[in-house]
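So the structure is just underneath, and the comments pick up after that.
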Amino acid sequence: MSEIKQRRKTNTSAKLNEEQQKLDEQLGAGSTSGLRSLWMDPRTAASCLSLTVCVGLTWFLFQQSAQLIAVQEKFHLLKEEAVKFQDIETKIEQMSTKCEKTVRFVEQDLQLMAQMKHLQEEIDSMQTSSKNLTRAQELQQNLTTLFHAVTMYEKNMASVTKNFSIKIASVKTDIRRISGLEADVTLLVESLHTLEHKVDKVEKTTIQSIGNLLTNSIDRTAKLQSSASENERQLMLIKTKLSELNAAIDRQSNKLLDLESDRAKVLKTVAFANDLKPKVYNLKKDFAHLEPMIDELTLRIGRMVGDLMERQKEIAYLYKELSNLTSVQNEVNAMNDERTQVSDLS
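Under UniProt numbering, the residues of the sequence shown are numbered 1 to 346, in order.
Here is the structure:
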């Protein structure tokens, strides 16, 4: 019985040893085959290649982002220059409006010059009227001298009549003394009467003519005085208008100086704008060349983003595969632990 028991023990131990050897062989073959599959699996190679491609794409995207930043800076500079050009155009429009205003002011100045010419003509007419007034004053002075001469003539005539009456008295006395010469005296008296009548007629005619001249001269002087007062008023009005026109001319001259300075500024701005035109044209050309490049870059970036999304999907799939492999490795490690435990028990 003891021999049978020993044989059974030996048989069971031999069976256990054989089973353990088979398990070890299977585990060794599985581990070597798993390592070879890990090293030789095409998915792992594809994942490595995809990682390298992702690194290259990120580097390429970094360079493209730097180029895009440079292009954006150029675009912002072009925008700023376009804004400056628009500001210059607005300034040119403002200066053109100022030039139109200057033309209007010049037209107003021409109208003022025409008014000045008309006023000059009026002044000339007033000067002629003043000359006429001076002539009238001279005539009045001549009339006064004539009046003085007439008065002197009357005085002389009075003195002559007095002397003549004295002579007549002396003659009468002589006639009285000379009684023999009465006929001659009568004739002389008659001649004296005729002469007196003639003198009276001459005096009356001269007095009437002098009175008529005086009345006419008085009327003329009154008319001349009224015209002189009116001319003085007109001269005062003309002087006030001349002062106002001189002030307006001074203002217009100051405005013309300001407009000339503005015109010089406009010419400078126009020259600056003419200098900027070729630069702006070149910038427009560069921007026109850059637009298709930017479009191409955006298309490339879109394609690269699509490729990156696909790569991310592949990487996620690879992560799943790696997780599965790690689970398999964990199972293998668990089997190895069980084997070690079984070997320890044996």
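We put the CB at the ideal spot given by N, CA and C, even for glycine.
- Separation of GLN312 and GLU73 (C-alpha to C-alpha, rounded to the nearest whole angstrom) is 32 Å.
- With fewer than three CB-CB distances shorter than 8 Å, the segment 324-332 does not count as touching the segment 96-108.
- Beta-carbon to beta-carbon, MET304 and LEU61 are separated by about 7 Å, close enough to satisfy the 8 Å threshold.
- Ranked by Cα distance from SER229, the options THR90, GLU107, HIS76, MET126 are led by MET126.
- Between LEU318 and SER47 a beta carbon distance of about 4 Å is seen, short of the 8 Å cut, so the two are scored as contacting.
- LYS265 is positioned such that its CB atom lies no closer than 8 Å to that of PHE105.
- LEU57 is positioned such that its CB atom lies closer than 8 Å to that of LEU308.
- Inclusion of ARG43 and GLU338 in the CB contact set at 8 Å is not warranted, their separation being larger than that value.
- Looking at LEU112, PHE85, GLN64, ALA70, the one whose alpha-carbon comes closest to that of LYS284 is PHE85.
- Around the beta-carbon of LEU259, 16 or more other beta-carbon atoms lie within 10 Å, marking it buried.
- With respect to LEU119, LYS241 sits close: the two C-beta atoms are nearer than 8 Å.
- Within its own chain, the residues whose Cβ lies closer than 7 Å to the Cβ of CYS54, once the five positions on either side in sequence are excluded, are ARG311, listed in chain order.
- The C-alpha of HIS289 is placed about 53 Å away from the C-alpha of SER253.
- Around LYS91, the same chain offers THR269 as residues with beta carbons nearer than 7 Å, after the five sequence neighbours per side are excluded.
- Distance check between ASN282 and each of LEU78, VAL71, GLN64, GLN67 places LEU78 closest, using alpha-carbon atoms only.
- For the pair ASP275 and MET95, the CB atoms are not nearer than the 8 Å cut-off.
- With a contact defined as Cβ atoms closer than 8 Å, GLN64 and ILE301 qualify at about 7 Å.
- A straight line joining the alpha-carbon of LEU267 with that of LEU237 spans about 43 Å.
- Looking at the backbone, the Cα of LYS131 and that of ASP124 are separated by about 10 Å.
- Nearest in C-alpha terms to GLU81, of all of LEU68, PRO278, ALA271, THR194, is PRO278.
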